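Here the structure is laid out as structure tokens; the discussion comes afterwards.
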Amino acid sequence: PVRYVSNYSSGKMGYAIAEAARDRGAEVVMVSAPTALPTPYGVRLAPVQRAVEMRDAVVQECRDAQALVMAAAVADYQPTATAEQKMKRRAKTLRLELTRTPDILAEAGKGFVRVGFAAESENLVANARRKLESKGLDLIVANDISGPETAFDADTNRVVILDRAGGEERLPVMTKYEVAQRILDRVVELLAKGS
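Count the sequence shown with the numbering used here and you get residues 200 to 394, in order.
Okay, here's the thing in structure tokens:
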């Protein structure tokens with residue numbers, strides 16, 4: 200109950216997307232793990248703690264959705280067991296067994312626009328393209344996390360937006376809100392086409 204396995208994601212990109220969608224007049228439900236960020240005004244928060252809770256909330260909320268933009272940096276693995284009490288420092292080593300977390304995008308359903316994210320430190324476009332195809336997404340946002348302007352907690356991002364038709368839109372470093380607007384431009388285009 201004291202220590203946990205996590206990552207450096209701040210949630211800023213997801214919150215920027217929620218704000219940008221709200222500013223466009225969308226009804227926004229934001230499924231979020233704990234962050235230090237305030238819930239944007241006019242956005243309904245569905246708070247979760249664990250990956251399985253996020254999966255369940257996303258599946259539930261997507262039943263009536265027109266689009267899912269999945270910016271959450273969900274861990275690929277989680278500890279198999281959770282300690283009931285604080286683990287004391289006794290042994291020289293400790294083995295931690297991990298199990299795979301649910302693939303939320305794969306389980307979210309279909310019939311709406313699906314946008315994923317690929318945070319990468321190498322082979323940005325190739326890795327993102329593989330993820331786009333393997334998950335059957337409409338778009339994927341590949342973000343390069345290797346530089347200080349584009350790291351998880353930064354207020355800016357540099358991304359490449361990839362689509363199923365093989366298109367690539369490379370964006371310069373810009374605020375996460377500006378990136379969110381560009382992503383939503385693409386979502387609106389897909390909705391207009393009936394994707």
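In this text, a Cβ means the ideal position worked out from N, Cα and C, and glycines have one as well. Since the structure is predicted, the reported quantities are computational estimates derived from the model, not experimental observations.
C-alpha distance - residue i paired with residue j, whole-angstrom precision
i	j	result
Leu-236	Thr-355	16 Å
Val-242	Val-324	32 Å
Leu-304	Ile-216	17 Å
Pro-233	Pro-246	7 Å
Pro-278	Val-359	32 Å
Ser-320	Gly-393	34 Å
Lys-285	Val-201	6 Å
Glu-226	Leu-293	46 Å
Pro-347	Val-372	11 Å
Gly-224	Glu-218	10 Å
Asp-302	Arg-254	8 Å
Met-269	Glu-283	31 Å
Gln-181	Arg-369	The structure shown does not extend to residue 181, since the chain is modelled only from 200 to 394, so the question has no answer here.
Ser-345	Tyr-203	24 Å
Tyr-376	Ile-382	10 Å
Val-378	Leu-295	37 Å
Tyr-240	Arg-357	26 Å
Among the options, the one whose alpha carbon lies nearest that of residue i
i	options	result
Leu-297	Arg-221, Thr-281, Asp-352, Ala-217	Thr-281
Gly-315	Arg-202, Asn-206, Gly-213	Gly-213
Asp-222	Leu-389, Lys-392, Asp-384	Asp-384
Arg-363	Tyr-207, Arg-328, Ala-225	Arg-328
Arg-299	Ala-270, Ala-250, Leu-293	Ala-250
Arg-313	Gln-380, Thr-374, Arg-357, Val-387	Val-387
Thr-349	Gly-310, Ala-318, Leu-295	Ala-318
Lys-330	Arg-357, Ala-271, Leu-361, Tyr-240	Leu-361
Beta-carbon gap between residue i and residue j smaller than 9 Å
i	j	result
Ala-220	Val-257	no
Leu-405	Ala-266	Residue 405 falls outside the range modelled here, since the chain spans only 200 to 394, and no answer is possible.
Phe-351	Ser-209	yes
Interface flag, residue i vs chain C, CB-CB below 9 Å
i	result
Phe-311	The chain inventory of the structure shown lacks chain C, comprising one protein chain alone.
Inspect the CB distances between the stretch 286 to 295 and the stretch 331 to 341 and report whether three or more fall short of 8 Å.
no
As an exercise, report each continuous alpha helix (DSSP H) stretch of at least 4 residues that is fully enclosed by the stretch 275 to 314, in chain order.
303 to 306
My parser needs the beta strand (DSSP E) runs of 3 or more residues fully inside the stretch 205 to 278; what are they?
DSSP runs (the beta strand (DSSP E)) wholly in the stretch 205 to 278: 228 to 231, 243 to 246, 266 to 269, 276 to 278.
Write down every uninterrupted run of the beta strand (DSSP E) in the stretch 306 to 367 whose length is 3 residues or greater and which is fully enclosed by it, in chain order.
Counting whole runs of 3 or more residues, the stretch 306 to 367 contains the beta strand (DSSP E) stretches 312 to 319, 338 to 343, 358 to 362.
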